[in-house]
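Visitor: Let me give you the structure first, and then I'll get to my questions.
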Amino acid sequence: MSKNASEKDVVDLSATALVELLRSQPNLAEDIPVLGHIPKLLRLLASQPRNTLSILHQLSLSEFCVRAIFQTECISPLKKCMQYNRNCIETSCETLIGLIPFLLSLLDSRLDYVAVKTQIVAALKGMRHNLNYDDRVTQILLKHPVWSEFKDQRHDQATSRKVQHKNVEVLTSPPPIDRGDPSARLPED
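The opening position of the sequence shown corresponds to residue 80 in this note's numbering, with each subsequent residue numbered one higher.
Pasting the structure below:
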């Protein structure tokens, strides 16, 4: 057996072990963002797409990890992963579906950026039109009460008026951002 094959086996085994550990002990996922591993994982998508994606998919089940993923440039690496690795499309879509509750929570927040909410609604509606995932996406959306306020919204309606919300914003502490990491999106003041 060659050195490259054995290294690949070790990487595959390590990724599988980490995914299974996170599956059996989901509370451990909360430490991943704090340690700064989310941007590193997203950078690894280019060189280790299948293994990295399986880890990111497992992390997408943690709301804390989802918040950290959204603080990092995640869409471009996921899109490139799907473009160049056709065998990763299904897991990429599954990972994106795991992000839907976070997007819905943004719609439910006091987010004043109407254009951002419009883009979120457009993305969620687009996900509903995927023939493989439309039923699952629709079920998730229908279970969340805020979706009823936005499901019939058209792009031109959202940009011409602000949507009023009666919900109270819950304050949470986001995970720390590695300011030296070029893929980290720093919060705008």
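Cβ coordinates follow ideal geometry from the N, Cα and C atoms, glycine included.
The model shown is predicted, which means the values in this text are computed figures rather than measured ones.
1. Excluding five sequence neighbours on each side, which residues of the same chain lie with their C-beta closer than 6 Å to the C-beta of D213?
2. When you compare the region 141-156 with the region 181-191, are there three or more beta-carbon pairs, one atom per stretch, that lie closer than 8 Å?
3. Report all residues from its chain with a CB closer than 7 Å to the CB of S239; omit the five preceding and five following residues, and keep chain order.
4. Near P105, which residues of its chain fall below 8 Å by C-beta distance, leaving aside the five closest residues on each side in sequence?
5. Note down, in chain order, each residue of its chain lying with its Cβ closer than 6 Å to the Cβ of P128, except the 5 sequence neighbours on either side.
6. Give me, in chain order, the residues of the same chain whose beta-carbon lies closer than 6 Å to that of L100; leave out the 5 immediate sequence neighbours on both sides.
7. Taking P156 as the reference, which of K222, R215, T170 and A125 has the closest Cα?
Guide: Answer, in terms of the structure:
1. R207
2. Contact holds: three or more Cβ-Cβ distances are below 8 Å.
3. Here the model assigns S239 a pLDDT of 39, short of 50, so the residue's position is not dependable and the matter cannot be decided.
4. Beyond the five residues adjoining it in sequence on each side, P105 comes within less than 8 Å, by CB distance, of L140 and S141 in the same chain, given in chain order.
5. Excluding residues up to 5 positions away in sequence, C160, N164 and C167 lie with their Cβ nearer than 6 Å to the Cβ of P128 in the same chain.
6. none
7. A125
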